[in-house]
Structures are given as structure tokens and as C-alpha cells.
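Worksheet: the structure to be examined is printed underneath.
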Amino acid sequence: MLIVGARSLPSQKTVLTRSKADVMRMQLLRASHLTQIEATTKKELVTLCQSSDQKTCSGRWNDGYIVIADNKVIYAFLNPGNQGQLYWRAFPNNQAQLDYLPTGMLKAENGTFWYCLAAEKNPSWAIVLSQSGRAREI
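Last residue of the sequence shown: 269 (our numbering), numbering continuous.
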């Protein structure tokens, strides 16, 4: 029995790692949606940006992110125990943050978040944001 248990450990570790990646994906979708809702509700520009201290736009997306309106943090999100890298790439310009207009649209660009686990070559998931503010998973 001990041998069977030992053989299942790598599999359980993989499941746990993927579960954490899924939690991160769902949290990022929620953050994007909340930012869009806040912008339309407050009828002002609201920003989603990376934050290492959950107070200012700083650090990397991996550290966490915050939603800011009127220079005040509305929501803060941590990425505890993540075992990979979260990337954001906007186009055509590489804007570091997402600014949602009062209409709910992104200020300037489309973009994609993608998350890569350390042990894998391909991304575990990606979230594409259109200029309309719509998020879709791929």
C-alpha cells in the first residue's frame, strides 16, 4: 500500500498546481469584470493594474493586482502560492495596466493575459480582452 501511495503523490501535486492555476484564472476574470462594473457604475475611469504591495501600481502581475478609482484602491487581489508566471500583453501598444472607461470599454487597446506553469512549455490558460471590455478564455 505504501508504494501505491507514493506513486500517487506526483499526480496529486499536479492536480493541486492546476487547481491553483484555475483559481488564479477565475480571480483575474473576476477582477476584470469588477473593474468594468465599477467604471460604468461610477461613470469614471477605473484601472486594473499589477501590484506587489496591494496599494500602488507596482511590481508584477504575479504578485497580485488592484482596482483603482480616484487614486483609491477599491479591490486588492493576491496570488498566493502560484507556481508559474502571469503575463499581460496589450496591443498595438504595450500598456502596463487596463483602464476602463465609463462606457465599460477599455481605454485604448485589446490585450491578453496568459499563465505559464514553471514545469510546462505551453500556457495553462489565456484570457483575451477586447476593446469592448469583453473577456474570453482560450
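Glycine included, each C-beta is placed from N, C-alpha and C at the ideal position.
Predicted model only: the values in this text are computed from it and were never measured.
Residues bridged to residue 266 by DSSP? Along the sequence shown, read from residue 1 onward, the residue named residue 266 stands at position 135. In DSSP, residue 266 forms a bridge with 260.
Is residue 159 near residue 230, with beta carbons less than 7 angstroms apart? Looking up residue 159 in the sequence shown gives position 28. Looking up residue 230 in the sequence shown gives position 99. Against a cut-off of 7 angstroms, the Cβ pair of residue 230 and residue 159 comes out as no contact.
Limits of the beta strand (DSSP E) - the one that residue 230 falls within: Residue 230 sits at position 99 when you count from the first residue of the sequence shown. Per DSSP, residue 230 belongs to the beta strand (DSSP E) from 229-231.
Can you give, in chain order, each stretch of the beta strand (DSSP E) that sits fully within the segment 182-218 and has at least 3 residues? Inside the segment 182-218, DSSP marks whole beta strand (DSSP E) runs of 3 or more residues at positions 195-200 and 203-209, from first to last along the chain.
Residue nearest to residue 291 in terms of C-alpha spacing, selected from 168, 269, 220 and 185: Nothing about residue 291 can be reported from this structure: the residues present for the chain run from 132 to 269 only.
Where the beta strand (DSSP E) through residue 176 begins and ends: As a first step, residue 176 is located in the sequence shown; it is residue number 45 there, counting from the start. First-last for residue 176: undefined, no H or E at that position.
Beta-carbon separation (whole angstroms), residue 183 vs residue 197, contact threshold 8 angstroms: As a first step, residue 183 must be located in the sequence shown, where it is residue number 52. As a first step, residue 197 must be located in the sequence shown, where it is residue number 66. The Cβ separation is near 10 angstroms, so there is no contact.
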